[in-house]
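Participant:
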Amino acid sequence: NICKIKTSSSPEVPVSSCGDGLESLRKRSMIQDEKKQMVANIEKQLEEARELLEQMELEVREIPPQSRGMYSSRMRSYKQEMGKLEADFEVCMALLGEQWLPEENNF
């Protein structure tokens, strides 16, 4: 099924298969929306993880000094892992480009 457009210079110009083309555009748009939602969800999860680490760090500061060392070591490990996750996410976002950012982050 080919859509045809009439122009003044030619009677009919085939454009594309309307049904297939529109369906393909809808699917592509849905996939892009899903990816944007996924990016927004990842950003939200990273922010929540940062907040939890901050809360944990405050609690570790309240632990008596003789027990604090073990927990401080764990916190350093958690922070390093968080840094790696954030760096990986930044690399992925740089590869994907701005079109995958949620609307409120697009400038």
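Using the working numbering, the first residue of the sequence shown is number 123, and each one after it goes up by one.
Glycine is no exception: its CB is placed at the ideal position from the N, C-alpha and C atoms.
Predicted, not measured: the structure shown is a model, and the values here were computed from it.
Hey, V182 and Y200 are a contact pair by Cβ (cut 8 Å); roughly how many whole angstroms apart?
Facilitator: Actually they are not in contact, since the Cβ atoms of V182 and Y200 sit about 10 Å apart, beyond 8 Å.
Participant: Should L217 and L168 be called a contact, given that it needs their Cβ atoms to be closer than 8 Å?
Facilitator: Cβ distance not < 8 Å, so L217 and L168 don't count as in contact.
Participant: Which class does E169 belong to by DSSP, given the choice of helix, strand or coil?
Facilitator: Looking at E169 - three-state DSSP - the assignment turns out to be helix.
Participant: The alpha helix (DSSP H) that contains E184, what's its start and end?
Facilitator: Segment: none, E184 is in no alpha helix (DSSP H) and carries neither H nor E.
Participant: I'd like the list of long-range same chain contacts for E173, defined as Cβ closer than 8 Å, with 5 residues on each side in sequence excluded.
Facilitator: For E173, where only same-chain residues beyond five positions count, there are no Cβ hits under 8 Å.
Participant: Can you list, in chain order, the residues of its chain with a C-beta nearer than 8 Å to that of I164? Leave out the 5 residues immediately preceding and following it.
Facilitator: These residues qualify, in order along the chain: F211.
Participant: Look at the alpha carbon of S195 and the alpha carbon of I153, and state the distance between them as a whole number of angstroms.
Facilitator: Rounded to the nearest angstrom, the two C-alpha atoms are 42 Å apart.
Participant: According to the Cβ coordinates, are M197 and E179 closer than 8 Å?
Facilitator: Yes. Within cutoff.
Participant: Between R190 and the rest of its own chain, which residues show a CB-CB distance below 7 Å, the 5 nearest in sequence each way excluded?
Facilitator: Taken in chain order, the residues that qualify are V182.
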